[in-house]
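Shown next, in structure tokens, is the structure this report addresses.
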Amino acid sequence: ISMVVRSTGASSEVYEVAEQIKNKAQASGRFIVVQNSMAYDAPEVTVTIDRDRAAALNLPIADIGRTLTLLVGGAEVAQFDRDSNSYDIIPQVPQEFRDNPDKLGEYFVRSVTGEMVPLSAVVKISNNAAPAAIEQFNQLNSSTISALPLPGVTTGDGLKALEDIAQESLPDTFFIDYSGQSRQEKEQGNTILIAFAAAVVVIYLVLAAQFESFRDPLIIMMAVPLSIFGAIVPLNLGLGTLNIYTQVGLITLIGLITKHGILLVEFANQQREKHGMRRRDAIIASAKVRLRPILMTTAAMALGVVPLITSSGAGAAARYSMGLVIFTGILVGTLFTLFVVPMFYTFIASKDLPHLAEKPDPKLMPALPS
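Going by the working numbering, the residue at position 202 of the sequence shown is 196; the numbering climbs one at a time, nothing skipped.
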């Protein structure tokens, strides 16, 4: 999770507010670790000029700045050529005078009258801590708060918790924004729900056209919510997080799991049309014949996503998230398909189907209890 705190104020104010949010988020018990991208851990030397004393000693402020820049700044002032090679001329004082900030007071600056005045006479040198870099987001001073949710806390819930904490701590001149994957998730909002619903509706309509029935597609898709449940279980156990990649995997799972129901329902309808079998007998016969193809299809699809789960390198986390939900969802969905689809077929499927005047095939009839 990446949330950006930005403000029109100074970077030090942004740091203080970001630290407050970080500490509250860490104490909320929803995150493993919370980090603030801005840290005052870089040493900084501040040179404060006494303007009155500099004026009394006839030292222009600009000359003091130019002297410091020349002696410690490492700026290129000229070049010289030798043996067809060009070399930069960079004047600097010896290393021992640059590494020790206290030595700055021993530098001399020429006054307007030509006298050499030590800097210690006109400046105050202090050591401070400063951020290594000052971030800006949309042209405002900013700091990024990164948080890793605890197992069982989705990225959406973690982001909402971080937002609530930020709203409690933000002054009027501060704003929050998002970066990285959190920004994508926030911009998409409920579009994933719309895509999910659209996928279900499209698959239902296609199946309705194929089976020329509104009941059969409903029976086939009874396994979809159960397979989705199976895909979400490992996320709740902390094996993954609900993000954009797992959401894409869930949509993919809808199309994969309906294939099992199609195999069962289509063969059961064929037996009823051809042999005039009852719904219960037809779906049991279908389960007997289609069990092996269903298991083979499941094994092929599950093994096909194993490389996504075990991959490494760049993008491995994204592939793992997608592969995990497909792998667990297809296994759990297959298990439920073999039991739930036949049950719903027995009660929901149309009672009357046109059939040929043939006797039921004894090989396909289920064994009757003795």
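Yeah, the Cβ is synthetic: ideal placement off N, Cα and C, and Gly gets one too.
May I ask you to list the residues that DSSP assigns as paired with residue i?
i	result
Met32	According to DSSP, which records beta bridges pairwise, Met32 is partnered with nothing at all.
Asp82	Gln73
Arg24	Partner(s): none; Arg24 has no beta bridge.
Tyr339	Tyr339 pairs with nothing; no bridge assigned.
Glu206	None; Glu206 has no bridge partner.
Thr42	Lys118
Pro112	Phe102
Since residue i contacts residue j with CB under 8 Å, what's their CB separation in whole angstroms?
i	j	result
Ile(-5)	Ser140	7 Å
Thr340	Ile277	6 Å
Leu244	Phe205	Incorrect: roughly 25 Å between the Cβ atoms, too far for contact.
Glu129	Met(-3)	Contact doesn't hold; Cβ gap of about 13 Å is too wide.
His254	Thr331	4 Å
Leu297	Arg313	Leu297 to Arg313, Cβ: 15 Å. No contact.
Glu38	Ala124	4 Å
Leu318	Thr292	Wrong, their Cβ atoms sit about 16 Å apart, outside the cutoff.
Gly327	Ile226	Contact flag wrong, Cβ pair sits at about 12 Å.
Ala115	Leu51	7 Å
Lys18	Ser163	7 Å
Phe131	Asp171	6 Å
Among the options, which has the Cα closest to the Cα of residue i?
i	options	result
Gln20	Pro143, Leu231 and Asp57	Pro143
Ile26	Gly108, Pro145 and Glu7	Pro145
Gln133	Ser5, Phe74 and Arg273	Ser5
Asn121	Tyr34, Gln161 and Ile58	Tyr34
Phe333	Lys282, Ala296 and Gly270	Lys282
Phe168	Ala343, Gly3, Val335 and Lys345	Gly3
Ile238	Val71, Asn17, Asp171 and Leu187	Leu187
Leu247	Ala193, Leu231 and Leu164	Ala193
Leu289	Leu258, Gly307 and Ala310	Leu258
Phe102	Pro95, Met110 and Ile324	Met110
Thr185	Asp151, Met215, Gln241 and Gln29	Gln241
Val(-1)	Val326, Arg24, Asn17 and Asn30	Asn30
Ile58	Val195, Ser315, Leu153 and Lys118	Lys118
Asn135	Ala12, Phe321 and Thr291	Ala12
Ala48	Gly150, Leu156, Met295 and Val106	Val106
Gln73	Leu65, Pro85 and Gly67	Pro85
Ile159	Gly23, Met316, Gly307 and Ala36	Gly23
Ala311	Gln265, Leu236 and Gly323	Leu236
Leu65	Ala262, Leu113 and Arg274	Leu113
Gly232	Val147, Ile320 and Met337	Val147
Arg209	Lys345, Ile43 and Glu70	Lys345
Ile15	Ile214, Met316 and Pro165	Pro165
Ile213	Glu260, Val41, Gly174 and Ile83	Glu260
Ser80	Gln264, Pro88, Glu70 and Leu199	Glu70
Ile342	Val299, Ile320, Asn263 and Gly323	Asn263
In terms of residues, what are the limits of the alpha helix (DSSP H) holding residue i?
i	result
Pro219	Ala217 to Asn230
Arg272	It is not in any alpha helix (DSSP H) - Arg272 carries neither H nor E in the DSSP assignment.
Ser163	Thr149 to Ser163
Val300	Val300 to Thr304
Ala4	Taken as a continuous stretch (DSSP letters only), Ala4 belongs to no alpha helix (DSSP H), as it is neither H nor E.
Ala56	Ile55 to Val66
Could you tell me the boundaries of the beta strand (DSSP E) in which residue i lies?
i	result
Ala141	Leu134 to Pro143
Glu129	Glu129 to Phe131
Val(-2)	Ser(-4) to Ser1
Asp171	Phe168 to Tyr172
For residue i, name the three-state secondary structure that DSSP assigns.
i	result
Ala124	strand
Ile248	helix
Lys18	helix
Val106	coil
Val87	coil
Pro287	helix
Pro37	strand
Pro211	helix
Val8	helix
Lys97	helix
Gly243	helix
Ser344	coil
Asn237	coil
Ile294	According to the sequence provided, residue 294 is Ala. The question's Ile does not apply to it. Reduced to three states, the DSSP call for Ala294 is helix.
Leu51	coil
Ala308	coil
Pro363	Because the pLDDT at Pro363 is just 46, under 50, the model does not fix this residue reliably, and the point stays unresolved.
Using a Cβ cut-off of 7 Å (strictly closer), state whether residue i contacts chain B.
i	result
Arg284	The question asks about chain B, but that chain is absent: this structure has only one protein chain.
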